[in-house]
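Novice: The letter at position 110 of the sequence shown is residue 273 when you use my numbering, and the numbering goes up by one with no holes. Attaching a single structure in structure tokens format; questions to follow.
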Amino acid sequence: CYAVECEDLPADLVGTYFRNGPAKFNVGDDQICHPFDGDGMVAAITLDGKGKAVFRNRFVRTPGFVEELKADKMLYRGTFSLKPGGWINNALDVGGNKNLANTNVMYWAGDLLALWEGAKPTSLDPLSLATKGETTMNDALLPEDK
164 CYAVECEDLP ADLVGTYFRN GPAKFNVGDD QICHPFDGDG MVAAITLDGK
214 GKAVFRNRFV RTPGFVEELK ADKMLYRGTF SLKPGGWINN ALDVGGNKNL
264 ANTNVMYWAG DLLALWEGAK PTSLDPLSLA TKGETTMNDA LLPEDK
């Protein structure tokens, strides 16, 4: 966390602004070739109404993110990026893409959700930004979406 005193902030400006987007563009020595394929990072700025702003950020630790971190190499191809091994390694890969959790973020029912169009939302703790895991939003998703 980074805290900054800002005397010019209006006193009625209180709350937290959350934002996420792609932020990790390499896995070991492997480069991600397109920005949309980067693993997600959530950032938050909290304003207390007394001139203090606190910034914090964390990578969204999806199962694919953790697997690649442990392997220290790219295990999944992206929507626009190929994994190493040439066309044959990618053409025969039917395992699908990993959940990047890099598209948007929303606060829902006490959870902060990191979103990506091709997978379930990833639940985060809104204070620490620690990843809790994928969620069905208390079974709000339709069965075909789970």
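Here a beta-carbon is modelled for each residue, glycine too, at the ideal position from N, C-alpha and C.
Thinking C-alpha only, which one of Ser291, Ala303 and Ser286 is nearest Glu297?
Specialist: Considering only alpha carbons, the answer is Ser286.
Novice: Under a Cβ-count criterion, where at least 16 other Cβ atoms within 10 Å of its own Cβ denotes burial, should Gly203 be classed as buried or exposed?
Specialist: Under this definition Gly203 is a buried residue.
Novice: Quick check on this structure: which residue in Arg221, Leu292, Ser291 and Pro284 has the alpha carbon closest to the alpha carbon of Ala303?
Specialist: Cα-wise, what sits closest to Ala303 is Pro284.
Novice: Kindly indicate which three-state DSSP category Leu296 falls into: helix, strand or coil?
Specialist: Checking the sequence shown, residue 296 turns out to be Gly, not Leu. Note: Gly296 maps to strand in three-state DSSP.
Novice: Please state whether DSSP places Val229 in a helix, a strand or coil.
Specialist: Of the three classes helix, strand and coil, the one that applies to Val229 here is helix, per DSSP.
Novice: Under 8 Å, do Leu278 and Val268 count as touching if we go by C-beta distance?
Specialist: In this structure, Val268 lies closer than 8 Å to Leu278 by Cβ.
Novice: Quick one: using the 10 Å Cβ neighbour count with 16 as the cut-off for buried, is Phe181 buried or exposed?
Specialist: Phe181 is buried by the Cβ-count criterion.
Novice: Mind checking who Lys215 pairs with in its DSSP beta bridge?
Specialist: Glu168, per the DSSP bridge assignment.
Novice: Would Phe228 be called buried (16 or more neighbouring beta carbons within 10 Å of its own) or exposed?
Specialist: Buried: at least 16 other Cβ atoms inside 10 Å.
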